[in-house]
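Quick notes on the structure that follows.
Protein chains: 2
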Amino acid sequence: MVGTNADDEDRFGYVTPENLGLFTDLYELTMLQGYHAADHDPQATFSLFFRRLPTDRGFVVAAGLEQALTYIETLSFGERAIDYLRNRGFDEDFLARLADFEFTGRVRALPEGTPVFPDEPLLEVTAPIFEAQLFETLVLNQVGFQTLVATKAARMREAVERYGDDQSLVDFGSRRAHGTDAGMKAARAAVIGGFDGTSLVAAGEAFSLPVYGTMAHSWVQSFENEREAFETFLEQYHEDTILLVDTYDTVEGAKLAMDVAENHDAEVGVRLDSGDLAPLSNEVAEIVDGRPIFVSSGMDEYKIADFLRDGGVATGFGPGTALTTSRDAPSLDLVYKLTEIERDGEMRPSMKLSSGKVTYPGAKSVRRVGDGGYEKDVLALRGEDVAGEEQLVTIFEDGDRVADSPELGAIADRAGTRRRKLPDDCRELRSPGTYPVEISDGLRQLTNDVEAELEAR
Amino acid sequence: MVGTNADDEDRFGYVTPENLGLFTDLYELTMLQGYHAADHDPQATFSLFFRRLPTDRGFVVAAGLEQALTYIETLSFGERAIDYLRNRGFDEDFLARLADFEFTGRVRALPEGTPVFPDEPLLEVTAPIFEAQLFETLVLNQVGFQTLVATKAARMREAVERYGDDQSLVDFGSRRAHGTDAGMKAARAAVIGGFDGTSLVAAGEAFSLPVYGTMAHSWVQSFENEREAFETFLEQYHEDTILLVDTYDTVEGAKLAMDVAENHDAEVGVRLDSGDLAPLSNEVAEIVDGRPIFVSSGMDEYKIADFLRDGGVATGFGPGTALTTSRDAPSLDLVYKLTEIERDGEMRPSMKLSSGKVTYPGAKSVRRVGDGGYEKDVLALRGEDVAGEEQLVTIFEDGDRVADSPELGAIADRAGTRRRKLPDDCRELRSPGTYPVEISDGLRQLTNDVEAELEAR
Chain H
34 MVGTNADDED RFGYVTPENL GLFTDLYELT MLQGYHAADH DPQATFSLFF
84 RRLPTDRGFV VAAGLEQALT YIETLSFGER AIDYLRNRGF DEDFLARLAD
134 FEFTGRVRAL PEGTPVFPDE PLLEVTAPIF EAQLFETLVL NQVGFQTLVA
184 TKAARMREAV ERYGDDQSLV DFGSRRAHGT DAGMKAARAA VIGGFDGTSL
234 VAAGEAFSLP VYGTMAHSWV QSFENEREAF ETFLEQYHED TILLVDTYDT
284 VEGAKLAMDV AENHDAEVGV RLDSGDLAPL SNEVAEIVDG RPIFVSSGMD
334 EYKIADFLRD GGVATGFGPG TALTTSRDAP SLDLVYKLTE IERDGEMRPS
384 MKLSSGKVTY PGAKSVRRVG DGGYEKDVLA LRGEDVAGEE QLVTIFEDGD
434 RVADSPELGA IADRAGTRRR KLPDDCRELR SPGTYPVEIS DGLRQLTNDV
484 EAELEAR
Chain R
34 MVGTNADDED RFGYVTPENL GLFTDLYELT MLQGYHAADH DPQATFSLFF
84 RRLPTDRGFV VAAGLEQALT YIETLSFGER AIDYLRNRGF DEDFLARLAD
134 FEFTGRVRAL PEGTPVFPDE PLLEVTAPIF EAQLFETLVL NQVGFQTLVA
184 TKAARMREAV ERYGDDQSLV DFGSRRAHGT DAGMKAARAA VIGGFDGTSL
234 VAAGEAFSLP VYGTMAHSWV QSFENEREAF ETFLEQYHED TILLVDTYDT
284 VEGAKLAMDV AENHDAEVGV RLDSGDLAPL SNEVAEIVDG RPIFVSSGMD
334 EYKIADFLRD GGVATGFGPG TALTTSRDAP SLDLVYKLTE IERDGEMRPS
384 MKLSSGKVTY PGAKSVRRVG DGGYEKDVLA LRGEDVAGEE QLVTIFEDGD
434 RVADSPELGA IADRAGTRRR KLPDDCRELR SPGTYPVEIS DGLRQLTNDV
484 EAELEAR
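Here the protein sequences line up with chains H and R, keeping their order.
Position one of the first sequence corresponds to residue 34 (my numbering), numbered consecutively onward.
Position one of the second sequence corresponds to residue 34 (my numbering), numbered consecutively onward.
Structural data, given as structure tokens:
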């Protein structure tokens, strides 16, 4: 065999615990070495938040915190990482400190599954700046993307709740996800948002998710004809299986599926993957007579809603590309900003002055007001006396984990329950209403004070 | 410490060589077990292609083939994977075959960096269907995304070539990439498309890429004032460094940077990350007098072109979100379709009949016509006598790797040279012209014949 001499890990470019410490923008390490050399290590609070909701989103669903917290808890720099940084010219003294890296601070977070609005911290890290600074790149990378996918999934669940019969939803999008990690985490985030499972086996294994899938067009094409293809399949799989019926002609395929199923005494549903789906599903429904019809052609929340409003008949949908890429909103402007810094032994609020962008200073409290249904949030200072239920939970204190990770099922339940407590209009699929987030008196006053102080310089 | 008992790999959800075999849609394994049980293992050819170019793209740049080929070459099912599948009810006989999985077929591919057009195979796998079928999910996952990012990068390189001075381009987008694998592969694909490097340290390490980065706003905010922040930084880093000057007031920040640099006898450039960039860069240019100005605020090919046409002054750009998410085109409709199948000992062309979607049957040849500049492509049957240079290269033959992986630098050169050989109008950033891809007589005839045969059934 010819080929490169690099080993497979290098050629594939895996990120594993051995090099995860290097999954950071270089400037974090440049700054850390600078802090270290200058013996400048004040306590700092960084806040993870976004300033604007993506297109057509009235809320987003927090997700990816579990991986961010695992990272904070386990981050270390192994020999391979240290060697690489040494070759780049970092100092031995700094590298020795990195090799001993351990988190000693506090983390507060919105639990996964919580609906979130602009300016509300999804995560707040308070620690020596040497520690808190370092987390930026990976925390943004994991939380931003999973939050987008959980939100997209929640919108599809909303669509089947509003216009359908709460049909099953299965993630079919690993092939179009942006890389392997995205495929894995999209499957997880989809379940948080309200999906029933995924087609991705590795995600099923890693996160204990239900996994679904039977056949592709290539199965059918690989046999002499469709009948032989269906017969061969049902000889293996008789129970609760799905035949793909649109390889040649959907209606004829559905009839054939029923015929072959009867001969094999098999429980069979059908999958439609092309065509004018709403009318086609009605034709097929007459043929399959109450058996499952699974629809998987380019589905998203808009197409699901249209399909159902047009009288389409389906027992489940398999959204793919639109789900795992969050296609109409592939990015969230999530940022990780310094909001407090220690000066002369005291924590002081901090912000930058930037045209058009407000970063509220100080450690925060997110209060949600309303019992049966949510009425509004109040974004306040930590410890400020305001109404509503505190949404932020303390996860680490003095570097120790003090809160368990909930099971994925519990996270999904939380997401569903809380989504349904949001005002109806902010859950609309298009041009949703704005959920009110008030800025507390204390936070407003502090923001004005810090701004005035900066401008007076 | 409280917390779950799952180990860190499970909690983070890593994909590594140990579970990469499970990075597949369940239906692939269901079909494989079906083929195995039915002793149905004809030779098959699968073709990887897309049917439509994404919005505003006149071409895409092939990327991600290296990871797809590494996967084909090294794919195996370890104990953990086999155990999981056993628990899901797969048969022992099938699992024994999976545990011995090895690729024995042929692969032809368009080398990374090649401009590609609709219907042209990026990859063609010919092997027993048990092998060729299995690759679908991961090959789509790696090639689709990297191709999008390499294309987005090439468009930004095109923008600085057209409207600027071929400025440097650095990937700043790992934080907004969809997961860790996307961050890594986006850095790699960006370099293929024409970028100079990345901010992501792990990608620098894995793929030997230049890595860049100095400071964030939090560095500046963590000190009593901007002067102290700049001074402390330059005490550590005197040479060829960049100060971020927009934390409080960009123009004042730039003046301060120059003042502090002079005091420290340091070589300093500045980075602008907010504001009305073109006019601001001109103000700053007068202050920094020929030193580097790096611009990094929400850049993409359109904003770079506008900035340069508006007379903005910059020596480099740091695009982030738009690059790593391919924001205006986050998905490519890449598919992996059966185009040939063995019947009675002979390879026969295969296609499915689907409204509005053509899948050309048979193994292909992609011919590119034109010496100085490219004039057109001809999509033909493999072995058909047509003009033009064959673009597909044989990478595996009888399961053996017969072609080396080029170095990344050579791939990037290929991408640049070939992009510039494309007609000018198909490289326009908006509403580009259509590059002609002709269907050869042989391929057209075969397509008609297969279609007629299917319809006659």
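Cβ atoms here follow ideal geometry from the backbone N, Cα and C, with glycine treated the same way.
It should be emphasised that the depicted structure is a prediction, and the values quoted were computed from it without experimental measurement.
Can you give the Cα-Cα distance for residue i and residue j, rounded to whole angstroms?
i: Q100 (chain H); j: F266 (chain H); result: 39 Å
i: A222 (chain H); j: T180 (chain H); result: 7 Å
i: V35 (chain R); j: D333 (chain R); result: Model confidence at V35 (chain R) stands at a pLDDT of 36, short of 50, so the residue's coordinates are unreliable and nothing is read from them.
i: F150 (chain H); j: F92 (chain H); result: 6 Å
i: E268 (chain H); j: I275 (chain H); result: 13 Å
i: L59 (chain R); j: E461 (chain H); result: 33 Å
i: L143 (chain H); j: D89 (chain H); result: 22 Å
i: A165 (chain H); j: V140 (chain H); result: 10 Å
i: G237 (chain R); j: P243 (chain R); result: 6 Å
i: S364 (chain H); j: V321 (chain R); result: 34 Å
i: E375 (chain R); j: P75 (chain R); result: 5 Å
i: D198 (chain R); j: R190 (chain R); result: 10 Å
i: L313 (chain H); j: R304 (chain H); result: 12 Å
i: A489 (chain R); j: A192 (chain R); result: 51 Å
i: R208 (chain H); j: Y335 (chain H); result: 21 Å
i: F127 (chain H); j: V234 (chain R); result: 16 Å
i: M64 (chain R); j: T57 (chain R); result: 12 Å
i: L424 (chain H); j: A294 (chain R); result: Per the sequence presented here, residue 424 (chain H) reads as Gln, with Leu not at that position. If I take the Cα positions, the gap works out to 46 Å.
i: S330 (chain H); j: T427 (chain R); result: 33 Å
i: T247 (chain R); j: L62 (chain H); result: 8 Å
i: L441 (chain R); j: G226 (chain R); result: 11 Å
i: P161 (chain R); j: L414 (chain R); result: 21 Å
Assign residue i to one of three DSSP states: helix, strand, or coil.
i: L171 (chain R); result: helix
i: N38 (chain R); result: For N38 (chain R), the pLDDT reaches just 38, beneath the cut-off of 50, and the residue's location in the model is therefore unreliable, leaving the point undetermined.
i: T274 (chain R); result: strand
i: L476 (chain R); result: helix
i: E125 (chain R); result: helix
i: R85 (chain R); result: coil
i: D116 (chain R); result: helix
i: V1 (chain R); result: Here chain R covers residues 34 to 490 and nothing more, so residue 1 (chain R) does not appear.
i: V93 (chain R); result: strand
i: N52 (chain H); result: coil
i: D152 (chain R); result: coil
i: D43 (chain R); result: helix
i: V142 (chain H); result: The residue you asked about is not Val; residue 142 (chain H) is Ala in the sequence shown. Of the three classes helix, strand and coil, the one that applies to A142 (chain H) here is strand, per DSSP.
Can you list the residues of chain R that residue i reaches, using a CB-CB cut of under 7 Å?
i: N481 (chain H); result: None at all; the shortest Cβ gap to chain R is about 17 Å.
i: Q254 (chain H); result: L371, I374, S383 and K385
i: N52 (chain H); result: A235 and E238
i: T354 (chain H); result: S364
i: D214 (chain H); result: V48, G212, T213, D214 and A215
Give the interface partners of residue i over in chain H, defined as CB-CB distance under 7 Å, in chain order.
i: R84 (chain R); result: By Cβ distance, chain H contributes nothing, its closest Cβ being about 13 Å from R84 (chain R), past 7 Å.
i: A249 (chain R); result: Y60 and M64
i: I115 (chain R); result: By Cβ distance, chain H contributes nothing, its closest Cβ being about 11 Å from I115 (chain R), past 7 Å.
Across which residues does DSSP place residue i in a beta bridge pair?
i: S80 (chain H); result: H:E157 and H:K370
i: E375 (chain H); result: H:M380
i: K288 (chain R); result: K288 (chain R) pairs with nothing; no bridge assigned.
i: L414 (chain H); result: H:K397
i: K409 (chain H); result: H:V402
i: K385 (chain H); result: K385 (chain H) is not bridged to any residue.
Taking Cβ-Cβ distances shorter than 8 Å, what residues in chain R pair up with residue i?
i: N296 (chain H); result: Those within 8 Å of N296 (chain H) in chain R number zero; the least Cβ separation is about 16 Å.
Counting only Cβ pairs nearer than 9 Å, list the residues of chain H close to residue i.
i: L55 (chain R); result: L233, V234, A235, A236, G237, E238 and A239
i: E42 (chain R); result: T49, P50 and A239
Below 8 Å on C-beta distance, what does residue i contact in chain H?
i: V244 (chain R); result: L59 and R121
i: Q200 (chain R); result: None at all; the shortest Cβ gap to chain H is about 19 Å.
- Note down, one range per segment and in chain order, each alpha helix (DSSP H) of at least 4 residues found wholly within the segment 293-365 of chain R. 310-321, 334-342 and 354-357
- Task: Entirely within the segment 419-490 of chain R and at least 4 residues each: give me those alpha helix (DSSP H) ranges in chain order.
- Result: If we require 4 residues or more, the alpha helix (DSSP H) runs fully inside the segment 419-490 of chain R come out as 441-454 and 474-488.
- Message: Suppose only complete runs of 3+ residues qualify. What are the beta strand (DSSP E) ranges in the segment 159-246 of chain H, listed by chain order?
- Response: Counting only runs of 3 or more residues that sit fully inside the segment 159-246 of chain H, the beta strand (DSSP E) segments are 201-204, in chain order.
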